[in-house]
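Residue numbers (my numbering): 53 to 373.
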């Protein structure tokens with residue numbers, strides 16, 4: 053039997069086809085359409101699935117099941133993305149479950165937000181297949197997929213795990229993209245680290261090599277200058293403090309054995325992002341400390357998680373194979 057995994061991101065849509073051992077036999081990728089409507093995105097999803105099936109030599113109508121990891125917010129009951137935050141306003145609704153069920157001729161289509169697909173992939177591919185784990189992404193946003201007692205937490209509408217919108221700073225120094233103040237994501241996401249650095253510099257305009265006034269100033273500039281620029285070191289240390297605080301909250305809430313971290317910010321700067329967090333957590337966490345590790349699945353964690361979901365009934369539990 054064959055299975056399909058889909059990763060619908062704000063930048064790219066990708067699909068894989070795998071066998072019963074999760075070996076990938078075919079894959080395809082294309083840019084996520086910016087319009088004119090959500091139907092264009094649906095068509096792109098169906099297109100990459102057809103291409104991946106063609107590369108694998110598989111008739112789409114014979115696929116046993118599919119998993120989808122998607123940007124949100126989701127409406128799980130309807131099987132759609134509703135008003136995605138990182139796509140143009142004209143893309144108000146992206147149907148997914150229904151059109152994929154029709155293409156693949158199966159009712160076994162499991163829809164998840166992207167971080168839940170991530171934790172399913174991490175769980176499936178982990179040596180111990182742990183029941184209690186978290187996948188944390190630090191990328192353009194911050195979010196988490198959580199498995200507790202073997203149950204992947206979706207929430208009634210599919211939007212559990214939006215930990216990036218936990219309020220960490222009651223003084224609200226930074227405003228989040230969602231419009232609220234003091235959220236984790238407002239300080240630590242790839243999009244917001246340069247904004248945070250500008251605000252810190254405006255408060256205390258010390259000498260720095262960082263191009264804080266350049267409109268193209270980026271998180272990469274901050275991390276590249278770390279070790280050579282005192283202000284860059286200060287920004288990295290502040291970001292690490294907020295990341296440690298947010299992760300401590302997640303650990304206290306869910307008691308994972310393992311926290312696997314992915315997303316471009318972490319994947320590109322593992323020592324600067326994860327090492328200081330590990331150092332601070334022992335003083336912040338009251339319960340048992342989990343293992344904190346960088347994902348082994350790189351930027352394929354969501355699509356491999358979606359494939360694992362198709363294989364395991366949406367759980368990542370290898371005993372379901």
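Ideal Cβ positions, reconstructed from N, Cα and C, are used throughout, including at glycine. Being a predicted model, the structure only gives us computed values, none of them experimental.
Which whole-angstrom value describes the C-beta separation of residue i and residue j, a residue pair presumed to lie in contact below a C-beta threshold of 8 Å?
i	j	result
residue 146	residue 161	Residue 146 to residue 161, Cβ: 14 Å. No contact.
residue 62	residue 79	About 19 Å; that fails the 8 Å criterion.
residue 124	residue 59	Incorrect: roughly 13 Å between the Cβ atoms, too far for contact.
residue 245	residue 291	6 Å
residue 366	residue 119	7 Å
residue 69	residue 108	4 Å
Considering only residues of the same chain and omitting the five flanking positions on each side of residue i, which have a CB-CB separation below 7 Å?
i	result
residue 112	101, 102, 105, 155, 156
residue 308	184, 185, 186, 342
residue 92	85
residue 242	191, 192, 271, 316, 317
According to DSSP, is residue i part of a helix, a strand, or is it coil?
i	result
residue 175	helix
residue 191	coil
residue 164	strand
residue 151	helix
residue 211	coil
residue 91	helix
residue 100	helix
residue 112	helix
residue 297	helix
residue 139	coil
residue 377	For the chain, the structure presents residues 53 to 373; residue 377 sits outside this window and is missing.
residue 273	helix
residue 127	strand
residue 74	coil
Whose C-beta lies closer than 6 Å to the C-beta of residue i among residues of the same chain, with five residues either side of it excluded?
i	result
residue 314	189, 347, 353
residue 293	none
residue 236	194, 216, 218, 220, 298
residue 199	171, 175, 185
residue 295	240, 329
residue 356	173, 349
Return the chain-ordered list of same chain residues with a C-beta closer than 8 Å to the C-beta of residue i, the five sequence neighbours on each side being excluded.
i	result
residue 338	304
residue 151	94, 97, 98
residue 334	341
residue 71	53, 54, 55, 77
Under a CB-based cut-off of 8 Å, is residue i close to chain C?
i	result
residue 298	Of the protein chains in the structure, only one exists, and it is not chain C.
Can you give, in chain order, each stretch of the alpha helix (DSSP H) that sits fully within the region 214 to 268 and has at least 4 residues? Counting whole runs of 4 or more residues, the region 214 to 268 contains the alpha helix (DSSP H) stretches 236 to 240, 245 to 255.
Mind pulling the beta strand (DSSP E) runs of 3 or more residues that sit fully within the region 341 to 368? Runs found: 343 to 346.
Do the region 250 to 265 and the region 204 to 214 meet, that is, are 3 or more Cβ pairs less than 8 Å apart? no
Can you find at least 3 beta carbon pairs, one from the region 280 to 292 and one from the region 258 to 265, that sit closer than 8 Å? yes
Within the chosen definition, does the region 134 to 154 reach the region 164 to 177 through at least 3 CB pairs nearer than 8 Å? no
Would you list, in sequence order, the uninterrupted beta strand (DSSP E) runs of no fewer than 3 residues that lie entirely inside the region 301 to 342? Taking only runs of at least 3 residues, the beta strand (DSSP E) segments lying wholly in the region 301 to 342 are 310 to 314.
If you pair each beta-carbon of the region 267 to 275 with each one of the region 317 to 326, do three or more pairs fall below 8 Å? yes
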